[in-house]
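Okay, so here's the structure we're looking at.
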Amino acid sequence: MTSRPVQRLLILGWDAADWQVIDPLMSRGRMPNLARLVAAGTRADLRTLEPKLSPLLWSTIATGKTADRHGILNFVEPSPSGDGVRVSSSTSRRTRALWNILTLRGLRVHAVGWYASHPAEPIAGACISNLLMEGAPSSPGTPWPMLEGAVHGPAGLAERVAAARVGPASIDRAALRAFLPTVAQASRGDDRPATLARELARMRSLHAAAVEALRSGPWDCAMVFHDTIDTIGHHFMGCRPPRMPNASTADLRTWGEVMDRTYCEHDRLLGELLEAAGPGTSVMLLSDHGFHSGADRPVIADVTKEERAALESRWHRSLGVLVLAGTGFKAGAQVAAPTLLDIAPTALAALGLPVGKDMGGRVIAEAFDVAPLIETVDSWDAEPGEAGEHPAEMRQDPFEAADALRQLVDLGYMADLGDDQKRLVELTRRESRFNEAVVLMTTGRPVQAVPILSALVEERPDEVRYRSSLAHASFAAGDHDACLRSVAAWEAAAPGSADAAVLRVAALSGLGRTDEAAHALAAFEAAHGARPEHARTMAELCARLGRWEESLAHAARALAREPGLPEPHLAAARAALELGDFDSAAEHALDAAERSMVVPEIHFVLGAALAWGGELEHAARSLDVALTLVPGYREAAEFAAAVAEARGDLAAAAEHAGREASSTAMHAGRPTARDAAAWRASRPS
164 MTSRPVQRLL ILGWDAADWQ VIDPLMSRGR MPNLARLVAA GTRADLRTLE PKLSPLLWST
224 IATGKTADRH GILNFVEPSP SGDGVRVSSS TSRRTRALWN ILTLRGLRVH AVGWYASHPA
284 EPIAGACISN LLMEGAPSSP GTPWPMLEGA VHGPAGLAER VAAARVGPAS IDRAALRAFL
344 PTVAQASRGD DRPATLAREL ARMRSLHAAA VEALRSGPWD CAMVFHDTID TIGHHFMGCR
404 PPRMPNASTA DLRTWGEVMD RTYCEHDRLL GELLEAAGPG TSVMLLSDHG FHSGADRPVI
464 ADVTKEERAA LESRWHRSLG VLVLAGTGFK AGAQVAAPTL LDIAPTALAA LGLPVGKDMG
524 GRVIAEAFDV APLIETVDSW DAEPGEAGEH PAEMRQDPFE AADALRQLVD LGYMADLGDD
584 QKRLVELTRR ESRFNEAVVL MTTGRPVQAV PILSALVEER PDEVRYRSSL AHASFAAGDH
644 DACLRSVAAW EAAAPGSADA AVLRVAALSG LGRTDEAAHA LAAFEAAHGA RPEHARTMAE
704 LCARLGRWEE SLAHAARALA REPGLPEPHL AAARAALELG DFDSAAEHAL DAAERSMVVP
764 EIHFVLGAAL AWGGELEHAA RSLDVALTLV PGYREAAEFA AAVAEARGDL AAAAEHAGRE
824 ASSTAMHAGR PTARDAAAWR ASRPS
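Just so we're aligned, residue 164 is where the sequence shown starts under this note's numbering, counting upward by one.
Below, the structure written as structure tokens:
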């Protein structure tokens, strides 16, 4: 074991927590406990993964691996018998989680409320599953037996946790008024008071269970998860000011404070949890994604239940929160674009353990007081010993999770297909396969996504999401002919799609059919180009055709409309680079980076502009950030190798060159005179 920077680590997950809500609350003194953590530690935006669905993401956080590798691909999964569905189970995870790894190395660890954690695993500590609240009675005082397998831990813990639970029926109108005084204005027949009571009961019960676990004996790491901000957000964020078109004035008056008060309640419970954890506890507080809270909130109306299930994740922003505070962590560190994949490696390093080479992220070394000595193992899955895992033959009755399934239907994450279990199983299988394809597409593996999406299109030719995703995957895989065929079918199913028209131009350009691409661009411009919201798209399409001056002009138009977004600045940087204005390109790229550090191409364009401008050291740093965000970024690897070679760093040049064989071209079909080959050729021999 290496040196151990952190003696006791609390990993606290707040699903969908967002700095855009937190910062105003902290500035008004309404979240004092979190404000103290932030002041004493390091904060950052945490970049999510796609699809932005919580079971996939929290399993990635716990394992350090993408969903296609850890195996949790949906909220639910077919039961082993194949005639129903169940909430995604711990027995379906295909790789060890942090709590298994720590158990293997003799550390004491608690895991509370994590997605896909039922049945509780026999780890060295307490494991309290996400089905803790199953079977809650409809009236106070009614017996409430604990679901079998919901709690593993020291003797007596299950009984104490059972007694500490708060049933929704116990959150009466008086208790609701204490949380939200305006609830008294709710109209008769409004089911939202019951929804709020249910979510508050779950939050308080999981918190009580976590406190019981922390007090059950010495521990090295505790992982506590709350989904309340997300679940309440799907019900109530539409009622938060400013008023959305589909929200009434009465909604704002009655429910407008729910979200802010939910955050404040999380802060109160954070204070209690830190007190229970005791002095000397270091904290990693994070969310899997953000949640739109302003003018960019989606309006999801006039859709079927199945369509709503697919659209509900539009509420999720790409940036979540990350706080690292306490002994071992630096105050005020600048963290370079962390992602969900970085959490498990960072937690292992904090506790002095090696990082699995098969984990997809990195140790956030810059957040530590002293950069940790990072050791590795090939894979924690291959390490021998007792890791607190279930025996292979263990199974769960899928219908024990009926309450959780009803909640998912209510949230809109699942379509309610009544008693037709066969259709429900088929839907679950399709959507799980689709989610896997999205994971593959968005992690640089579009070639693997294409056959999955092709099969889905064949099975459900009427599902536009499947067709559009196949078109995008085919384009990313470099099969522009297949992309055009998919675009044609997509446009037949959804006439007038601007997204399809954009992809048509890009695919024609990629095939070298420039006249047809120009004609398609003219058609798009006639139909959509004058609309201000399409200025960014026009900049991209002109870039696809190498019309860089036009691209720059459209980027300027987009900047006038959307100066706060990174994309217009990136479009301007890209065009300026190709036009040879390297200073402007770097300036626009820096402006884009100020707005988002987590867009890989921003760092690539900045690195390229700096390299062309002769600033090789800074160029190398920017290209390294691009490769940290997407290790398989071919253009960045090629340029990084060229820059390293020019600087005389032959080891780095060889490392980057070695990436090229297994990498993916991210700018396929876009003409350029400023790539690594052109830069090499421009340098004095």
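Glycine included, C-beta positions come from ideal geometry on N, C-alpha and C.
{"Item": "Option in Phe492, Trp478, Glu475, Pro501 with minimal Cα separation from leucine 485", "Value": "Pro501"}
{"Item": "Counted within 10 angstroms of its Cβ, other Cβ atoms place threonine 539 as buried (16 or more) or exposed", "Value": "exposed"}
{"Item": "C-alpha distance - glycine 204 paired with leucine 448, whole-angstrom precision", "Value": "11 Å"}
{"Item": "For alanine 836 and glutamate 741, believed in contact at Cβ under 8 Å, the rounded distance", "Value": "6 Å"}
{"Item": "When Val762, His732, Ser759, Met760 are compared against alanine 749, the one with the closest alpha-carbon", "Value": "His732"}
{"Item": "Whole-angstrom distance between alanine 664 and glutamate 679, CA atom to CA atom", "Value": "12 Å"}
{"Item": "Cβ distance (whole Å) where alanine 702 is taken to contact alanine 718 below 8 Å", "Value": "4 Å"}
{"Item": "Contacting residues, own chain, Cβ-Cβ under 6 Å from proline 168 (five flanking each side not counted)", "Value": "Gly491, Ala513, Phe531, Pro535"}
{"Item": "Neighbourhood of alanine 612 by C-beta, 6 Å cutoff - its chain only, sequence neighbours within 5 removed", "Value": "Ala600, Leu603, Met604, Ala636"}
{"Item": "Span separating the alpha-carbon of tryptophan 177 from that of tryptophan 221", "Value": "10 Å"}
{"Item": "Cβ neighbour criterion (16 or more within 10 Å) applied to proline 408", "Value": "exposed"}
{"Item": "Reduced DSSP category for leucine 733 - H, G, I as helix; E, B as strand; rest coil", "Value": "helix"}
{"Item": "In DSSP terms, what phenylalanine 388 is bridged to", "Value": "Gly176"}
{"Item": "Distance, threonine 345 Cα to threonine 229 Cα", "Value": "42 Å"}
{"Item": "Proximity of histidine 455 and serine 481 at Cβ, strictly below 8 Å", "Value": "no"}
{"Item": "Beta-carbon proximity list for arginine 525, same chain, < 7 Å, skipping 5 on both sides", "Value": "Asp505, Pro508, Thr791"}
{"Item": "Assigned secondary structure, glutamate 622 (DSSP; H/G/I helix, E/B strand, else coil)", "Value": "helix"}
{"Item": "Under 8 Å between C-beta atoms of proline 214 and phenylalanine 238", "Value": "no"}
{"Item": "For leucine 217, the first and last residue of its enclosing alpha helix (DSSP H)", "Value": "The displayed chain sequence assigns serine, not leucine, to residue 217. Where serine 217 is concerned, the enclosing alpha helix (DSSP H) stretches over 217-226."}
{"Item": "Residue(s) in a DSSP beta bridge with valine 627", "Value": "DSSP, once it has assigned bridges, lists no residue as partnering valine 627."}
{"Item": "Serine 672 versus Arg710, Ser649, Ser660, Asp787, residue with shortest Cα-Cα distance", "Value": "Arg710"}
{"Item": "Extent of the continuous beta strand (DSSP E) to which glycine 483 belongs", "Value": "482-488"}
{"Item": "Selection from Val421, Ile395, Asp393, Ala645 that minimises the alpha carbon distance to proline 404", "Value": "Val421"}
{"Item": "Spatial distance of isoleucine 765 from arginine 737 (CA atoms)", "Value": "9 Å"}
{"Item": "Exposure label - glycine 401; buried when at least 16 CB within 10 Å", "Value": "buried"}
{"Item": "Paired residues, beta bridge with alanine 274 - DSSP", "Value": "Cys290, Met386"}
{"Item": "Glutamate 563 (DSSP reduced to helix, strand or coil)", "Value": "For glutamate 563, the pLDDT reaches just 40, beneath the cut-off of 50, and the residue's location in the model is therefore unreliable, although a value from the coordinates is still provided. Residue state, collapsed to three classes: helix."}
{"Item": "Of the residues Ala661, Glu549, Ser252, Arg667, the one placed nearest alanine 698, counting alpha carbons only", "Value": "Ala661"}
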